[in-house]
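Counting from 122, one number per residue, gives the positions in the sequence shown under our numbering. First comes the structure, then the notes that go with it.
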Amino acid sequence: MEEERSGFVHDSELDKVILRFERMRKNKETCYFDVNEFETIIDYYLEGNNPVNAFEATSLACELHPNSVPILIRKARVLLEKGRATEALTIAKRLENIEPGNCDIYLCKATALAMLGDINGARKVFDLALETDSDDIENILYSITLVLQNLNFHEEMIPYLHRLAELEPDIPAHLYDLAYAYDKKGDHQTSIKYYNLYLDEDPYSDSAWYNLGIIYNKTGDYGKSLEVYDYALALNPENTFALFNKANILSNLGKYNEAMDVYRQFVEEEPDSLEGLTYLAECYDKTGDEAMARKYYAEAIDITPDFPDPWYGLGLLSLSRNRPAESIMPLKKAIELDPENPDYWFSLGRAHIMNGNAMEAIRCFIETLIIDGYYDEAWIETGMVVMMTGAYRGAIRILKKAAKISGDLPGIYFLLASAYLHTGNIKEATRNLLRGIRLDNELLEEYSVLLPEEKLTNAMRRLFRKTN
């Protein structure tokens, strides 16, 4: 937002004052500065993002000029910069009684209120500031939008930005800020509108094209997203964020060969990117090139052995190729590095099932569910493994709990039907079978192998024929 506003103006008088103040600090001397000089010094440090020096200057100014309203306003500003909003609010309230109608006091007070979370109170005081000084309304609006943006009150900033854009139609940056604010609000279509309006004014802004790509991706318009990422990259081939996002979209669309080309460009620019190397390895895995997948997973591990994703990738690489014993070590390593990831535990459980270790599999699935009680596949796998051990009543308890937590998952009801059939409870078996069929009759064939043929009733057999 600040790019099109002029910064602090340097002139010889300012340089002399700053030089004198800094010489005083360095030599630990005592010098006198009048109110105007202190205003200049404090503003200089605030503009230069140097709150430490600004605070030191303010402290000395308050000693020499304790009742000066301009100095106290700057003290409040410095406290706001240091995050001490309560103290700044106290000063602003006191000054408000001394000098009512002072726009700068209102801006300090409103900023403090916003920092303390009272956004409604802040907006009321910001509006007071706008009413007190109609000659400088553009700068006041700019100050308000800057505060609200820095505090992430994007939705509340929008009305002030619209007013500012109407008053300063020759500054395209306001359109950019509106697009950004609407994105943060979650209004993606309006965000797209303002990014396009901004790009009509500045078509060579690679950052605007890049942001537009992010918005299109959020809306699910992946074709448009890829298109505008290409514009961003044409303007700035070194925009690695655009490269990375473009590659991710292609990978998610299943266009692994195209994604690999872009990931390779990305890792050429960012050779130490663990995510880039890992995602490139995943693409090689998806296209069946195990050797190259292992190569890039290994490169990521060599750079940072404590990054869990490539270890997990190596585990899945072996698991998906029916080598469960080989997958256990890298999956355990991923869990060691990130024990709160339910996917890691679930995959290790599947490896143990394939390796014939039912008890270890159950332990892993339970860990999965402790982390994420809504992990549907873990509930189903747990029920299936328990039934494989012949503990049908135990499976019923687990699956009934899963149904309460996960809701209408057809697989759970087919498993319950199987468990009830094994225990001889035909009524409950039929009820759960019908519920599963109503939810997804196509899944019945997949689960039918778990239903003991010898225990099926004639009614159940007719259901099977009807759904096939």
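Glycine residues also receive a C-beta, built at the ideal position from the N, C-alpha and C atoms.
Query	Result
8 Å contact criterion, which D497 and L530 should meet: CB distance rounded	5 Å
For Y281 and I74, believed in contact at Cβ under 8 Å, the rounded distance	Because the chain in this structure spans residues 122 to 589, residue 74 falls outside the shown range and cannot be described.
Limits of the alpha helix (DSSP H) - the one that A353 falls within	Y343 to L356
Opening and closing residue of the alpha helix (DSSP H) in which D423 lies	E411 to I424
Under 8 Å between C-beta atoms of A197 and A213	yes
CA-to-CA distance, A523 to R514, given in whole angstroms	14 Å
Touching by the beta-carbon criterion (3+ pairs, under 8 Å), the segment 462-480 and the segment 438-454	yes
Status (buried if at least 16 other CB within 10 Å, exposed otherwise) for G409	exposed
Neighbourhood of A250 by C-beta distance below 6 Å, restricted to the same chain and skipping five residues each side	C224, Y227, L228 and I261
C-alpha gap between D393 and R415, whole angstroms	17 Å
Where L554 falls, given that 16 or more other Cβ within 10 Å makes a residue buried	buried
Length of the line joining the Cα atoms of E217 and K230	9 Å
Buried/exposed call for E123, threshold 16 Cβ in 10 Å	Here E123 scores only 44 on pLDDT, less than 50, and its place in the model should not be relied on; the value that follows carries that caveat. The residue is exposed, with fewer than 16 neighbouring Cβ atoms inside 10 Å.
Proximity below 8 Å, CB of A329 to CB of Y377	no
Distance between L564 and K587 (C-alpha atoms, nearest Å)	14 Å
Cβ shell of E488 (< 6 Å), same chain only, five flanking positions each side left out	W466
Length of the line joining the Cα atoms of N148 and K137	16 Å
Through-space distance from L584 to G532, alpha-carbon basis	17 Å
Span of the alpha helix (DSSP H) around I526	Y513 to S527
Residue interval of the alpha helix (DSSP H) (run including D298)	A294 to K306
CB contact flag (I279, A302, <8 Å)	yes
Residue span of the alpha helix (DSSP H) that contains E498, given as start and end	D497 to M509
Proximity of I163 and T179 at Cβ, strictly below 8 Å	yes
Backbone secondary structure at R198 - three-state DSSP	helix
Same chain, Cβ closer than 6 Å to V130, neighbours up to 5 away in sequence not counted	Confidence at V130 is low in this model, with a pLDDT of 42, below 50, so its placement is unreliable and the value that follows should be read with caution. Nothing listed; no residue qualifies.
Simplified DSSP state of C152, which is helix, strand or coil	coil
Option in A419, E411 and Y418 with minimal Cα separation from R442	E411
Counted within 10 angstroms of its Cβ, other Cβ atoms place R471 as buried (16 or more) or exposed	buried
Chain-order list of residues whose beta-carbon lies under 6 Å from that of I313 (same chain, five-residue window excluded)	I336
C-beta atoms of L560 and Y541 nearer than 8 Å	no
Contacts around I519, its chain only, beta-carbon distance under 8 Å, and the 5 residues preceding and following it disregarded	W500, T503, G504 and V507
Burial state of P293, where buried means 16 or more other Cβ atoms lie within 10 Å	buried
F274 and A233 closer than 8 Å at C-beta	no
8 Å Cβ cutoff met for N357 and D327	yes
Environment of M480 [buried if 16+ CB atoms lie within 10 Å]	exposed
M152 classed as buried or exposed, judged by whether at least 16 other C-beta atoms fall within 10 angstroms	The sequence shown places Cys at residue 152, rather than the Met named in the question. Exposed: under 16 other Cβ atoms inside 10 Å.
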